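Heads up: the protein sequence lines correspond to chains G and H, in order.
Heads up: the first sequence runs through residues 1321 to 1695, numbered per the numbering used here.
Heads up: the second sequence runs through residues 1321 to 1695, numbered per the numbering used here.
In this text, a Cβ means the ideal position worked out from N, Cα and C, and glycines have one as well.
Fair warning: this is a prediction, and the values are worked out from it, not measured in the lab.
Protein chains: 2
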Amino acid sequence: MGRWIYYTKRLARRWEKESTTRGEPVVIALDAMGGDRGPTANLEGALIAVAEQPGLIVKLVGRQDELKEALGKSFLPEEIEIIHAEDALGMNEPATLALRRPNCSIIKAVELLVSGKAHGLVSMGNTGAVVASSLVKLGKIGGVERPALMTLFPTLEKRPSIVLDIGANVDSRPEHILSFAEMGSLYAEEVLERKRPTVALLSIGAEPTKGNSTVKEAHKLLRKSTLNFVGNIEGGEILHGTADVIVTDGFVGNTILKFAEGSIGFFKRIAKKGRRKNLFSMAGSVLMSGGFKKLMREFDYAEYGGAPLLGVRGNVIVGHGKSTPLAISNAISLSYVMVNAQIDKKIASYMRLKKENVENENIRDRVEPPRENPD
Amino acid sequence: MGRWIYYTKRLARRWEKESTTRGEPVVIALDAMGGDRGPTANLEGALIAVAEQPGLIVKLVGRQDELKEALGKSFLPEEIEIIHAEDALGMNEPATLALRRPNCSIIKAVELLVSGKAHGLVSMGNTGAVVASSLVKLGKIGGVERPALMTLFPTLEKRPSIVLDIGANVDSRPEHILSFAEMGSLYAEEVLERKRPTVALLSIGAEPTKGNSTVKEAHKLLRKSTLNFVGNIEGGEILHGTADVIVTDGFVGNTILKFAEGSIGFFKRIAKKGRRKNLFSMAGSVLMSGGFKKLMREFDYAEYGGAPLLGVRGNVIVGHGKSTPLAISNAISLSYVMVNAQIDKKIASYMRLKKENVENENIRDRVEPPRENPD
């Protein structure tokens, strides 16, 4: 089991208390048709999750007959409920198509959130479709111009760093990057329980004058903000654990995430080739394989579960299409953590407070004109 | 020795013929003060290079006394000449400062190129300063709006892919990306001797509609061009060897390159930690270490030498500050290859031809008006 799964599990245990003191169950809607492995993997993921998390109910949204077939002769535990959805959106279909197909599993799952019948949503399906449906059906939190997808990157330090946006937006403006930083910082503080989390801006040099025009402007906004901004970092520092939160435009974030995922395959293949070379290294590789596998998993984002979508009015997690049942259970656990931490409400109240402060300042400016020099 | 060094050496051997048929030596100016290891590493790199490449002369530009001290009691072979330069630019000094310091080693080295006393330039110094000095002193090739830095990325296939721009430009316009593609394609064809090299555009989805606004426009330009354009690829495919040339804006290219470099340190540290765990894996790691080291080197861009700066009137290579003598010798070999291949002249004639074609087409349009339908 990778360090990732350990990290999510520890997080879930920490947030269990919150769930038990509230007394009512946490209901997560799972898009059972999403992901490359279909209903079977989603069903198995839900079974693992409910066995582990107390006070958790999973609503499996998908084709009833396929889910029953996947279940076989086993019985469904009472913590899992099947919600029938006739339609399912393919991984490569246009994202906006989901909105025109009211019976598809993604839409039905989002609607459970809208009606309050579920507190969190997890989908391993078409990322664009989940983002678009959540945006339209749930709406944005007031004050957030663009929601962002975040993920955790492993670091050399014991704790991972939050990186966002990893693909919900391209052509971000400086103000968007500022709001990614605010949301990431709140997530680090409220969900991961880090005090006064540090925020870094991804650039191509430490100096504020380095970077493209958006990054240079974003640097100024971040420096003026109340966040614990520690300056620019370069791509090489992402895995160093230099900051709790690293912000960037979704084009760059997505490219790096995909590159990191791709490099696992690269290392695996090269290692495999090396292994065949001689008997000594073959013996070595057998002994090392456990450690090596673990090392590779450290970089395998599919293991970790999913990417929270911050800035919409609800708790939404988009997972990797390739997710295994274990990864799906992990994404459900993460959703359970987010619901208990009420991250969406905390972002909303932060944005409200920020708006009030700005308004108060404006009023003060009008009421108290700048004092003139007595001389 | 990594696969990289093997690749450059093989390339140099292939281009030796060109050098011997021409009959005159290839002169490379080496900025001896550049890089973190100073004159000693540069001197050692030059010694390795001249011993390997026939018909190669290296002009070491730097402080004479420091270079003589580094040489100790050894004799300088006749293929190495010291050109005294009193001043040296620090790695973290502003790039444009070089232009105001006529006695610094970078400027003196660039001037050797301008005066024709050297055919190629190699520097492990401040990237920005080398790019700025080359741009101002040598000038751009007509038709190239912005020069680009390129590098080779290892791939799962036997041959590496060219990636550019890796940091000479930010906020690239679609036309800049087209010209990166043209220069990269010429490099692949003329220097690496690949027939009809494939060109891919880095984006966040295979579809032409995916990506930011610059990438979407660049996709259209590339599709209309005469290049062998194979479409968009995502970050995860960079190491798959899908295309000979991968084009992107310098902000993205630099971030990925730095991330890739940073991930080596990450893998090394994690592997080291794993090693200590138990006796079995320790024994394993001793056996594996050779293979593992090789694997890590595959990803170590410092090993490979340097990044050619394409689009200026001259052969310029910027190396990694951390370069070892072996890496420096490798960069010199690469410069030797570029000089023999006359890549700068080939880019210039491609751009001239393109301009003529456009003009001819315009003339044809004026001379032959579009035929009207005879009916």
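Taking the beta strand (DSSP E) that residue 1518 of chain H falls in, what are its first and last residues? Locating residue 1518 of chain H in the second sequence gives position 198, where the first residue counts as 1. From DSSP, the beta strand (DSSP E) with residue 1518 of chain H extends over 1518-1522.
Contacts around residue 1538 of chain H, its chain only, beta-carbon distance under 7 angstroms, and the 5 residues preceding and following it disregarded: Taking the first residue of the second sequence as position 1, residue 1538 of chain H is located at position 218. Leaving aside the five residues that flank residue 1538 of chain H on each side, the residues in its chain whose CB is nearer than 7 angstroms to its CB run, in chain order, 1494, 1497, 1498 and 1521.
So, is residue 1395 of chain H buried or exposed, given that buried needs 16 or more other C-beta atoms within 10 angstroms? To locate residue 1395 of chain H, count along the second sequence from 1; it is residue 75. The residue is exposed, with fewer than 16 neighbouring Cβ atoms inside 10 Å.
Any Cβ of chain H within less than 8 angstroms of the Cβ of residue 1500 of chain G? Here residue 1500 of chain G is taken as the residue at index 180 of the first sequence, counted from 1. Cβ-Cβ to chain H under 8 angstroms: no for residue 1500 of chain G.
Taking residue 1447 of chain G as part of the alpha helix (DSSP H), name the residues at either end of that continuous run. Residue 1447 of chain G sits at position 127 when you count from the first residue of the first sequence. Looking at the DSSP string, the run of the alpha helix (DSSP H) that includes residue 1447 of chain G is 1447-1458.
Put residue 1359 of chain G into one of helix, strand or coil per three-state DSSP. Working through the first sequence from its first residue, we reach residue 1359 of chain G at position 39. Reduced to three states, the DSSP call for residue 1359 of chain G is helix.
Residue range of the unbroken alpha helix (DSSP H) whose run includes residue 1658 of chain G: Walking along the first sequence from the start, residue 1658 of chain G turns up at place 338. 1645-1661 is the span of the alpha helix (DSSP H), which, as asked, contains residue 1658 of chain G.
Are the segment 1451-1458 of chain G and the segment 1536-1551 of chain G in contact at 8 angstroms, needing three or more beta carbon pairs? In this structure the segment 1451-1458 of chain G does not lie against the segment 1536-1551 of chain G, because fewer than three pairs of beta carbons, one per stretch, are closer than 8 angstroms.
Straight-line CA distance for residue 1357 of chain H to residue 1373 of chain H? Locating residue 1357 of chain H in the second sequence gives position 37, where the first residue counts as 1. Locating residue 1373 of chain H in the second sequence gives position 53, where the first residue counts as 1. Taking the straight line from one Cα to the other gives about 23 angstroms.
Please list the residues of the segment 1483-1509 of chain H that have a C-beta atom closer than 7 angstroms to any C-beta atom in chain G, keeping them in chain order. Closer than 7 angstroms at the C-beta level to chain G, one finds these residues of the segment 1483-1509 of chain H: 1487, 1490 and 1491.
Indicate whether the contact test is met: 3 or more Cβ pairs, each with one atom in the segment 1644-1651 of chain G and one in the segment 1472-1480 of chain G, closer than 8 angstroms. No, the segment 1644-1651 of chain G does not touch the segment 1472-1480 of chain G.
Does the beta carbon of residue 1596 of chain H come closer than 8 angstroms to any beta carbon on chain G? Here residue 1596 of chain H is taken as the residue at index 276 of the second sequence, counted from 1. Confidence in residue 1596 of chain H is poor, its pLDDT being 49 and thus under 50, which makes the residue's placement unreliable; the coordinate value appears in the next sentence. No - not a single Cβ of chain G is within 8 angstroms of the one on residue 1596 of chain H.
Check whether residue 1380 of chain G and residue 1363 of chain G have beta carbons under 8 angstroms apart: Against the first sequence, residue 1380 of chain G aligns to sequence position 60. Against the first sequence, residue 1363 of chain G aligns to sequence position 43. In this structure, the beta-carbon distance from residue 1380 of chain G to residue 1363 of chain G falls below 8 angstroms.
Assuming the contact rule is C-beta atoms closer than 8 angstroms, residue 1583 of chain H and residue 1469 of chain G should be a hit. Round their C-beta distance to whole Å, please. Position 263 of the second sequence, counted from the start, is the residue given in the question as residue 1583 of chain H. Position 149 of the first sequence, counted from the start, is the residue given in the question as residue 1469 of chain G. About 21 angstroms; that fails the 8 angstroms criterion.
Relative to the C-alpha of residue 1407 of chain H, which residue among H/1567, H/1506, H/1353 and H/1491 is closest? Counting from one through the second sequence, the residue named residue 1407 of chain H turns up at place 87. Taking only the C-alpha atoms, the option nearest residue 1407 of chain H is H/1353.
Contacting positions in the segment 1564-1579 of chain H - beta carbon closer than 9 angstroms to chain G: Residues passing the 9 angstroms Cβ filter: 1568, 1569, 1570, 1571, 1572, 1574, 1575, 1576, 1577, 1578 and 1579.
Counting only beta-carbon separations shorter than 8 angstroms, does residue 1561 of chain H have a partner in chain G? On the second sequence, position 241 is the one that residue 1561 of chain H refers to. No, residue 1561 of chain H lies away from the interface with chain G (no Cβ there is under 8 angstroms from its Cβ).
Whose Cβ in chain H lies nearer than 7 angstroms to the Cβ of residue 1557 of chain G? As a first step, residue 1557 of chain G must be located in the first sequence, where it is residue number 237. By Cβ distance, chain H contributes 1582.
Residue 1288 of chain G, DSSP secondary structure in three states: Outside the displayed range of chain G (1321 to 1695) lies residue 1288 of chain G, so it cannot be described from this structure.
Confirm the yes/no value for this check: CB of residue 1422 of chain G, any heavy atom of the ligand PLP, distance under 7 angstroms. The ligand content of the structure shown is nil, which means the ligand PLP is not present either.
Return the residue from the list H/1545, H/1547, H/1580 and H/1533 that minimises the CA-CA distance to residue 1556 of chain H. For the purposes of this step, residue 1556 of chain H is taken as residue 236 along the second sequence, with counting starting at 1. The shortest CA-to-CA distance from residue 1556 of chain H to any of H/1545, H/1547, H/1580 and H/1533 is the one to H/1580.
Are residue 1524 of chain G and residue 1530 of chain G touching if we call contact CB-CB under 8 angstroms? Residue mapping note: residue 1524 of chain G aligns to position 204 of the first sequence, counting from 1. Residue mapping note: residue 1530 of chain G aligns to position 210 of the first sequence, counting from 1. Yes, Cβ-Cβ distance for residue 1524 of chain G and residue 1530 of chain G is below 8 angstroms.
For the segment 1627-1647 of chain G and the segment 1439-1451 of chain G, state whether three or more C-beta atom pairs, one from each stretch, are separated by less than 8 angstroms. When Cβ pairs closer than 8 angstroms are counted between the two stretches, the segment 1627-1647 of chain G is seen to touch the segment 1439-1451 of chain G, the count reaching three or more.
Between residue 1465 of chain G and the rest of its own chain, which residues show a CB-CB distance below 7 angstroms, the 5 nearest in sequence each way excluded? By 1-based counting over the first sequence, the position of residue 1465 of chain G is 145. The beta carbon of residue 1465 of chain G lies closer than 7 angstroms to those of 1495, 1496 and 1499 in the same chain, with the five residues before and after it left out.
Where residue 1531 of chain G meets chain H, residues with beta-carbon distance less than 8 angstroms: Residue numbering aside, residue 1531 of chain G sits at position 211 when the first sequence is read from its first letter. Within 8 angstroms Cβ-Cβ: 1490 and 1571.
From which residue to which residue does the beta strand (DSSP E) around residue 1503 of chain G run? Working through the first sequence from its first residue, we reach residue 1503 of chain G at position 183. Note, residue 1503 of chain G: premise wrong, no beta strand (DSSP E); alpha helix (DSSP H) at 1494-1510.
Which term fits residue 1327 of chain G, buried or exposed, when burial requires 16 or more other beta carbons within 10 angstroms of its beta carbon? For this step, residue 1327 of chain G is matched to residue 7 along the first sequence. Buried.
For residue 1544 of chain G and residue 1386 of chain G, the rounded distance between their alpha carbons: Residue 1386 of chain G sits at position 66 when you count from the first residue of the first sequence. Residue 1544 of chain G sits at position 224 when you count from the first residue of the first sequence. Spanning the alpha carbons of residue 1386 of chain G and residue 1544 of chain G requires a straight line of approximately 54 angstroms.
Taking 8 angstroms as the threshold (beta carbon to beta carbon), is residue 1622 of chain G in contact with chain H? Start at 1 with the first residue of the first sequence, and residue 1622 of chain G comes out as number 302. At residue 1622 of chain G the pLDDT is 49, less than 50, meaning the model places this residue with poor confidence and gives no usable figure here.
In whole angstroms, what separates the C-alpha of residue 1657 of chain G from that of residue 1491 of chain H? Taking the first sequence and counting its residues from 1, one reaches residue 1657 of chain G at position 337. Taking the second sequence and counting its residues from 1, one reaches residue 1491 of chain H at position 171. Their Cα atoms are separated by approximately 39 angstroms.
Should residue 1697 of chain H be flagged as near chain G, meaning a C-beta pair shorter than 8 angstroms? Because residue 1697 of chain H is not part of the residues shown, which for chain H are 1321 to 1695, the question remains open.
Residue 1547 of chain H: which of H/1567, H/1426 and H/1451 sits nearest, CA to CA? Along the second sequence, one-based indexing puts residue 1547 of chain H at 227. Answer by Cα proximity: H/1567.
Run down chain H in chain order and give the residues with a C-beta less than 8 angstroms from the C-beta of residue 1524 of chain G. Here the question's residue 1524 of chain G lines up with position 204 in the first sequence. What residue 1524 of chain G touches in chain H: 1487, 1490, 1570, 1571, 1574, 1575 and 1578.
I need the straight-line Cα distance from residue 1634 of chain G to residue 1439 of chain G, nearest angstrom please. Working through the first sequence from its first residue, we reach residue 1634 of chain G at position 314. Working through the first sequence from its first residue, we reach residue 1439 of chain G at position 119. Distance between the alpha carbons of residue 1634 of chain G and residue 1439 of chain G: 7 angstroms.
Report back the beta-carbon spacing between residue 1405 of chain G and residue 1448 of chain G to the nearest angstrom; my notes put them in contact at under 8 angstroms. Here residue 1405 of chain G corresponds to residue number 85 of the first sequence, with the count starting at 1. Here residue 1448 of chain G corresponds to residue number 128 of the first sequence, with the count starting at 1. Under the criterion of beta carbons closer than 8 angstroms, residue 1405 of chain G and residue 1448 of chain G do not qualify as touching, at roughly 19 angstroms.
Per-residue burial, residue 1684 of chain G [other beta carbons within 10 Å of its own, 16 or more giving buried]: Mapped onto the first sequence, residue 1684 of chain G falls at position 364. With fewer than 16 Cβ atoms within 10 Å of its Cβ, residue 1684 of chain G is classed as exposed.
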